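Residue numbers (my numbering), protein chains in the order written: chain A, 1 to 635; chain B, 1 to 293.
For glycine and all other residues, C-beta sits at the position ideal for the given N, C-alpha and C.
Just so it is clear, the structure is predicted and the values come from calculations on it, not from any experiment.
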Amino acid sequence: MQLLTPLALTLAALAIPIILLYMLKLRRKQVSVSSTFLWQKLLREQQANAPWQKLKRNLLLILQLIILAALVFALARPALQVPVVASGSVIVLLDASASMNATDVNPTRFESGRDSVLDLINGLSPASSLTLILVAEKPQTLIAAETDKPLLRQALDNAQATQGVADWKSAFALAAGAGNNSTIVIVSDGGLPESGLPSLPGEVRFIPIGESQNNIAITALALRPAQTSPQLFAEISNYDSTDRNVLLSIYFNDQLIDARQLSLSANSHGSLTIDNLSNASGIYKATITIPNSLNSLNPPNSQSSLNSLDSLPLDNTAFAVFQASTSRRVLLVSKGNLFLEQLLASLPGIQPFRALPAADGTIQIPNDPFDLYIFDGIIPPELPNANLLLVNPLSNPFFEVGGVYNEFQNMQVNQHALTNFVDWSAVHILQAKLVETPPWAETLIESDAGPLVFAGETNGQRVAALTFDLKESDLPLQIAYPILFSNLINYLAPPSAFDATQSLTPGESLSILPQSNVDRIVVASPSNQAYTLSLDQPTFTQTDELGYYAVNFISGDSNHVEYFAVNLFDENESNIQPRETIQIGRATIAPTVSQQIGQRELWTWLAALALLVLMIEWQVFHRRAFPSPFGRGLG
Amino acid sequence: MLFDETTLRKLNQLTLLASRVRSGAMKGERRSSRRGSSVEFADYRNYTPGDDLRRLDWNIYARLERPFIKLLEEEEDLAVHILIDGSQSMNWGEGDENKFQYALRVAAGLGAITLASGDVLTIGLLQHGKVTAEFGPSRGQASLTRLFRFLERIEPDGETDLNRAMRDYSILPRRAGLVILISDLFANDGYEAGLRQLMGRGHEAALVHVLAPDELDPPLAGDIQLVDIETNQTQDVSLDGGLRERYRTRARAWIQSTQTECRKHNIRYLDVVTSQTWDHVLLLEMRRAGFVK
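Structure representation (structure tokens):
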């Protein structure tokens, strides 16, 4: 034990005024009595056990001196020398990756790590400073070179484990920047990358966390389009050292569609594919459960044994999103139109199909759904219930087509999102059909005689029409042609805002390409937290949670929702086996035993003792002074 | 007035009791010791059972058919000496609970009884170690007013020295009789020597011990300095619940030991707390303690 501020002991001299005051203090209240006769007798008797009485009479003084002693001693800051992992300038890298959520250490590995850091903080000598870096997807310095223990403890309290993958490289860069000649303490279960880590300036120590390696994880879940229907691929990994039987359940939009039992030998992977899934868009969820009945347990059905089977529940659920069409399928029904075929083949994100009328003029429209149907000079008896582009149309359920006209005066382009950058000034048209713009549509381009191009939405169906035959105009030769058709096709068959086929890993950002008519983008996280994105740079970065996210594209009253999934799928995190050593550069770091001398200060206990004695003193004083509320004094 | 009419009438029916020094029993001896004093009629009083039948006035009995005892001066009356402790410590207590006032009332009561039963009454006020005021010897109901006036006049003062004061009282030649000391007994030198001296002179002694309630259970607490109102001596005490309880125990033990001591020396003893009503004490407690009948 040593005193950090021994000078404070001089305050013990305050005992002198206390004793002096005590001697002077007893200006007792004078109370007259008829006679002190009996009192004198009584007090004479008391002399018999005088030492005890004297002590009792001076009890308050003694208590006050004890309080003073405790306070002075507390101010002198006595400290016990305790062995600690590090002292001096210390940088702590606290692993907050997904594997730190494992429950093999009660309550979790992260809490255990937090306790280790707390011990380190408590044992810091007064001259030591500590920097705390939380290693997550985006490592951050929680507190830098701080000596104040309450602040350090507060910063440590604010640290939380994440569900993502730790970015050790960035964390090492932060640590290297935090200071030279520091002792760097890595508190982790050891899931560090085995290579590629920069070396650290200063001595590195390692506090390993974790006891068990029992974990079964879904390490892959992916959908791929097969010939007729999508196919689901799942990979399950058993990181345990014993064989396990697991039950894999597959849900589609929260409805169980398949459940399979898998036998996984120790430290192995198992995979399966599921075919014949629905073509509809939706969310696939896979969960694994480890039923007791399938695994020999002793004793069965106990919570602890369940925990011991799978210490990390985070990676037992995975999601995959199926977006029905990633490239837009467009069916062109035409007797043959080179201009349109060339255009569709050249537009990006378009998968064009062509249907020719049979020799007898009948049209066979394929049963497969398409995102857009283009009818060029043909109208089938029954129009598909999808978005339509009608070129050189005949009469149809949407509008009536009249005769032909060839007088084109005052052709003009109306201001509209679909006519952006469309220059119509050099376009010549031989003849067009006389059509009246339906009330649900907007005229985009018109002449005095009638509309040339119009578009609109009716009953949830988007329809656009060109009232003339492309072959009877020079539009396909103009720059306006690809611009106008690109705009129209993007309107009629909107491209997906992002690629949801691949799931993201936690912390990965997602770029979103919204439609031009979208007003707002709101992303709802798995925990139902809403994030509104700016339309200028719609990039979503808050992908820290595992699960599926809903991206809402809001334009006016309509709301279009697309989904994407965030899964762990990281072998380093799912393999929770505690590592004995970690490899940094060429150095192998073994677990550190406490070998340096730290100081544990005791002043808080002394202050608590002083407070306790103060309360006792108060009680003693009160019992002595006010046993009953009466008393006659001379004043 | 110290007493109202009803109380006075009740007091008149009482007689002070003396076991040794009493008229019948001491008659022969007393006569021989007081040569020349004649047998002289003094008064009549009601017959009480146990009276010497020879002293019944048969003539009166024949005339009135009621028995009267003929009181003959000197030989048959009882000399009653009431000694009141007049020290400052007796001046304690508020209103009716004031010990000195209480002592005066008891003295007045006992005096009234004495005079009513035809005994000779002497009252002495003990102050500063001597007798500072004296009433009597007087006899007969007629002296009652004078007695009251005397009692109303005297004031408590000075320190107690009961022994010296009683010795002072016994120096003068007085008729042996019943000595009743009314005191709080707050005297450092005690009272026993004085009483014993009086008893040596042939007196029979009785003690009325007057205490105020807060002397038995003082409502005090904390670190205080007690000031004796009699001697102005101070005494520092740190009073807590324990010490207070010990004081109460000590006070009770003191009364108990005084009582035992008195019984041992054939002194009649009555302890009175001034919270008791004085007529209750006079009419009931004193009768119970054998002071009066």
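Give, in chain order, every residue of the segment 171-205 of chain B whose Cβ lies closer than 8 angstroms to some Cβ of chain A.
Asp184, Phe186, Ala187 and Asn188
Identity of the residue in Arg287(B), Asn266(B), Arg246(B) and Arg268(B) nearest Leu42(A) by Cα:
Arg246(B)
State the start and end residues of the unbroken beta strand (DSSP E) segment that holds Lys130(B).
Lys130 to Ser138
Extent of the continuous beta strand (DSSP E) run through Val72(A)
Unbroken run through Val72(A) is the alpha helix (DSSP H), Leu59 to Leu75; no beta strand (DSSP E).
For a cutoff of 8 angstroms on Cβ pairs, would you count Asp157(B) as touching chain A?
no
What number of angstroms, rounded off, separates the C-alpha of Ser89(A) from the C-alpha of Leu80(A)?
20 angstroms
Who does Tyr531(A) pair with in a DSSP beta bridge?
Val523(A)
Can you tell me which residues form a DSSP beta bridge with Lys29(A)?
Ile224(B)
For Tyr47(B), the first and last residue of its enclosing alpha helix (DSSP H):
Tyr47(B) -> no alpha helix (DSSP H), and no H or E assigned at all.
Between the CA atoms of Leu356(A) and Leu434(A) - distance to the nearest angstrom:
26 angstroms
Just curious, the alpha helix (DSSP H) that Lys10(B) is in, first and last residue?
Glu5 to Asn12
Got a sec? Which residues, its chain only, sit under 6 angstroms from Ser334(A) by beta carbon, not counting five neighbours each side?
Asp376
As assigned by DSSP and simplified to three states, the class of Glu400(A)
coil
Could you check whether the segment 218-226 of chain A touches the segment 118-134 of chain A, counting it as contact only if at least three pairs of C-beta atoms, one from each stretch, sit closer than 8 angstroms?
no
Is the segment 490-507 of chain A in contact with the segment 560-571 of chain A, if contact means three or more CB pairs nearer than 8 angstroms?
yes
Below 8 angstroms CB to CB, which residues in the same chain sit around His209(B) once its five sequence neighbours on both sides are set aside?
Ser183, Asp184, Leu185, Ile255, Thr258, Tyr269, Leu270, Asp271 and Val272
Counting pairs of Cβ atoms below 8 angstroms between the segment 237-257 of chain A and the segment 267-275 of chain A, do you hit three or more?
yes
Backbone CA spacing between Ala359(A) and Ile379(A) [nearest angstrom]
16 angstroms
To the nearest angstrom, report how far apart Asn337(A) and Asn392(A) are at their CA atoms.
12 angstroms
With distances taken between CB atoms, is the gap from Leu120(A) to Val82(A) smaller than 8 angstroms?
no
Quick check on this structure: which residue in Ser327(A), Leu340(A) and Ala86(A) has the alpha carbon closest to the alpha carbon of Asp371(A)?
Ser327(A)
Is the beta carbon of Leu343(A) sitting closer than 8 angstroms to the one on Phe485(A)?
yes
For Gly177(B) and Arg22(B), the rounded distance between their alpha carbons:
Reliability fails at Arg22(B), whose pLDDT of 46 lies under 50, so the model's placement of it is uncertain and the value that follows must be treated cautiously. Going from the Cα of Arg22(B) to the Cα of Gly177(B) covers about 8 angstroms.
Does any residue of chain A bring its CB to less than 8 angstroms from the CB of Ala251(B)?
yes
Could you tell me the distance, in whole angstroms, from the CA atom of Ala266(A) to the CA atom of Leu611(A)?
59 angstroms
Exposed or buried, what is Ala234(A) when buried is set at 16 or more other beta-carbons lying within 10 Å of its beta-carbon?
buried
Should the segment 575-595 of chain A be called in touch with the segment 211-218 of chain A, which here means at least 3 C-beta pairs below 8 angstroms?
yes
Using a Cβ-Cβ cut-off of 6 angstroms (strictly less than) and excluding sequence neighbours within five positions of Thr458(A), which residues of its own chain qualify?
Trp440
Sort Ile184(A), Leu65(A) and Leu309(A) by Cα distance to Tyr239(A) and report the nearest one.
Leu309(A)
Is Gln127(B) close to chain C? Criterion is C-beta to C-beta, closer than 8 angstroms.
The structure shown contains no chain C; the protein chains it does contain are A and B.
Whole-angstrom Cβ separation of Ala144(A) and Ala96(A), contact assumed at under 8 angstroms?
Wrong, their Cβ atoms sit about 17 angstroms apart, outside the cutoff.
Is Glu146(A) helix, strand or coil by DSSP?
strand
DSSP three-state assignment for Phe206(A), whether helix, strand or coil:
strand
DSSP on Ser170(A), reduced to helix/strand/coil?
helix
Residues bridged to Asp157(B) [DSSP beta-bridge criterion]
For Asp157(B), which the question treats as bridged, DSSP gives no partner whatsoever.
Could you check whether the Cβ of Leu9(A) sits closer than 8 angstroms to any Cβ belonging to chain B?
no
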